[in-house]
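One structure below.
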Amino acid sequence: MDEKTRRQLACFFQPESVAVVGASERMGSWGSILMRGLQGRGFPGRIFPVNQKSGEVFGLKAYPSIGAIPDKADLAVLAVPAGSIAEIVEACAEKGIQAITVIAAGFSEAALDGRDREIELAALARRHGIRILGPNVSGTFNLHACFNASPAPSAFIRPTGISGVCQGSYAIYDLLIGSHWRGMSLGQFVQTGNECDLEVTDFLEYFGEDPRTEVIMMYLETLRDVDCFRWTAGRVAKKKPVIVQKVGRTPGGSRAAGSHTGAMAGRHDFFQGLFRQLNLVQSPAMERLIPLAHAFLDLPPMRGRRIGIITMGGSWGVALTDQLEMRGLEVPEFGPGLQGRLRDLNLPIRVSTKNPVDIGADPTSALSPGTVARIAREILASDETDALILHGFGRLALVDDPSRENDTALLQLEKSVMRDCANLRGITDKPILIGSAIQASQSRAIDEFIREGHLVFHHLDEIADVLSLKLGHQKAS
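All residue numbers for the sequence shown refer to my numbering, where the first residue is 3 and numbers rise by one.
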């Protein structure tokens, strides 16, 4: 990426000043959403609200036009109807603004004359040498820079090494809110919408060079320039993992993509082959995007396909084994030597040592301080496994205190066991996954464990997807 383009794209993520055209205090309006996002995240730069009718917006002096703001802004975010966009873009160019986000819909995805408007917008960008994000987008955020010009609720997002590039975005905001309760988030995000100028590939290249980005997550409806994407993604994927979800797999899904962002989805089998060739990680579902990205961010690589399992309940072990082996992974029975070392730990007689190791029959005895960690340490130290899953936490303390209000001995025991297991990551280069069907809102042990910065996976197929996709990515690298 040339230096001028890099500087222009950086304005969408770390501007020193922002003009919000259409800024408003009217609840629910785009002008209000953007102002609340910027102020709610504590943006340290200057904000210039532009509103023809108001002298002040959320405590800041408002200006009647772009031309009236006292200084040049790095970024202009246009929250005004489609019919007035071209005129305002011209004014931004005259003011020397190099980066413009166009929120408005009503372009090629919808209106009869929308395609002509979009062509005009692209021509303006070329004529003035400026870069336009959109139209039909919801904005950008970069939490490393305390910058949020989007509808993402500030209380539900936090800085991470994951950056998201999406053509459609509202589902991502829902996923971000849901992921908050699991301690997961994106550090940076952009929605590209109709892509009259900048496309997903431009931001893929930008995040590929960005030192704060360790994993890239993409939601795609189409690729407008497949050759450019192939060249860029091939280079980026050699440096950092790229997780991708391509929708529009069916005729109905393809039609829906066209009415959403004006995209032509294309043949699913072609894109599957392309992504496989480029070693992009293909998410099996939208709901997997953020958990998968965190797994690649936080967990070490897979060295092989043999999985050890410790569960507090035999049924979990059986079901997990099915999910893992359906994806080509193995749950081997431990050899006599390892089983002997496990029995030497003086486990309760009903605890199985074969793999899965089931301690659910006598959990209070098996969960005596340090026992689970000792079992896990023996399994990790052996050459019989390449990863370890511990599943079934969060339930024990609820038996003693369904109200979740008391600091019971069982709660302290369960929290101690979970911390011991997480601390094993410091002595091994094998992935360790903690699983529970119980959510943070239902268990203090799970909630506090997540708040301490640990991942918890809530679905068996999610755990199996994480391990199988990490192994496939590692083998292709």
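Virtual Cβ for every residue (Gly too), placed ideally from N, Cα, C.
By how many angstroms is the C-alpha of residue 324 removed from the C-alpha of residue 388? Distance between the alpha carbons of residue 388 and residue 324: 18 Å.
One question on the structure: do residue 195 and residue 246 come within less than 8 Å of each other, judged by their Cβ atoms? no
Checking the sheet assignment: what are the DSSP bridge partners for residue 1? Because the chain here runs from 3 to 479, residue 1 falls outside it and cannot be looked at.
Around the C-beta of residue 293, are 16 or more other C-beta atoms found within 10 angstroms, so that it is buried, or is it exposed? buried
Member of 328, 141 and 460 whose CA lies at the smallest distance from the CA of residue 167: 141
What ranges does the beta strand (DSSP E) occupy inside the stretch 127-169, keeping only unbroken runs of at least 3 residues that lie completely in it? 133-135, 142-144, 149-151 and 164-168
Could you check whether the stretch 378-392 touches the stretch 302-314, counting it as contact only if at least three pairs of C-beta atoms, one from each stretch, sit closer than 8 Å? yes
Looking at the structure shown, is residue 58 part of a helix, part of a strand, or coil, going by DSSP? DSSP, read as helix, strand or coil, puts residue 58 in strand.
Quick one, which of 304, 459 and 429 has its alpha-carbon nearest residue 441's? Among 304, 459 and 429, the Cα nearest to that of residue 441 belongs to 459.
Residue 201 versus residue 88: straight-line alpha-carbon distance, rounded: 19 Å
Should residue 443 be labelled buried (16 or more other beta-carbon atoms within 10 Å of its own) or exposed? exposed
How would you call residue 131, buried or exposed, if buried means at least 16 neighbouring beta carbons within 10 angstroms? exposed
So what's residue 266 in DSSP terms, helix, strand or just coil? In this prediction, residue 266 has a pLDDT of 48, which is less than 50 and means its spatial position is unreliable; what the coordinates show is noted afterwards. Three-state result, residue 266: coil.
Per DSSP, residue 330 forms a beta bridge with which residues? According to DSSP, which records beta bridges pairwise, residue 330 is partnered with nothing at all.
Cutoff 6 Å; reference residue 1; Cβ partners in own chain excluding five residues on either side: Only positions 3 to 479 of the chain appear in this structure, which leaves residue 1 out of reach.
Mind checking residue 513: buried by the 16 CB within 10 Å criterion, or exposed? The question about residue 513 has no answer here: the residues shown for the chain are numbered 3 through 479.
Which of helix, strand or coil does DSSP assign to residue 308? strand
Beta-carbon proximity check, residue 159 vs residue 177, cutoff 8 Å: With a cutoff of 8 Å on beta-carbon distance, residue 159 and residue 177 are scored as not near each other.
6 Å CB neighbourhood of residue 322 in its chain, flanking five on each side removed: 311 and 462
If contact is defined by three or more beta carbon pairs under 8 Å, each pair taking one atom from either stretch, is the stretch 464-479 in contact with the stretch 340-358? Too few Cβ pairs lie closer than 8 Å, so no.
Evaluate the contact criterion for the stretch 286-305 versus the stretch 208-219: three or more CB pairs, one atom per stretch, below 8 Å. yes
Does the beta-carbon of residue 77, which I'm using as the reference point, lie nearer than 7 Å to any heavy atom of the ligand NAP? Within the structure as shown, the ligand NAP is missing, as the structure has no ligands at all.
Could you check whether the stretch 145-155 touches the stretch 407-425, counting it as contact only if at least three pairs of C-beta atoms, one from each stretch, sit closer than 8 Å? no
Any beta strand (DSSP E) of 3 or more consecutive residues that is wholly inside the stretch 163-213: 164-168 and 190-193
Thinking just about the alpha-carbon of each residue, which of 468, 93 and 95 is nearest to the one in residue 299? 468
Round the Cβ separation of residue 81 and residue 11 to the nearest angstrom and send it over; I've been treating them as touching at under 8 Å. Here residue 81 is actually not in contact with residue 11; their C-beta atoms are around 21 Å apart, not less than 8 Å.
So, at 7 Å on beta carbons, what are the nonlocal neighbours of residue 56 in its own chain, with the 5 sequence-adjacent residues on each side left out? 64
Using a Cβ-Cβ cut-off of 8 Å, state whether residue 49 counts as contacting chain B. Absent from the structure is chain B; it holds one protein chain and no more.
How far does the beta strand (DSSP E) with residue 50 in it reach, from first residue to last? 48-52
In three-state DSSP terms, what is residue 296? helix
In angstroms with no decimal places, state the Cα-to-Cα distance between residue 353 and residue 362. 8 Å
Under 8 Å, do residue 154 and residue 175 count as touching if we go by C-beta distance? yes
By the 10 Å Cβ neighbour count, where 16 or more other Cβ atoms means buried, how is residue 478 classified, buried or exposed? exposed
Please identify the residue among 332, 106, 110 and 93 whose C-alpha is closest to the C-alpha of residue 127. 93
DSSP on residue 360, reduced to helix/strand/coil? strand
Taking all protein chains shown into account, decide if residue 314 is buried (16 or more other Cβ within 10 angstroms of its Cβ) or exposed. buried
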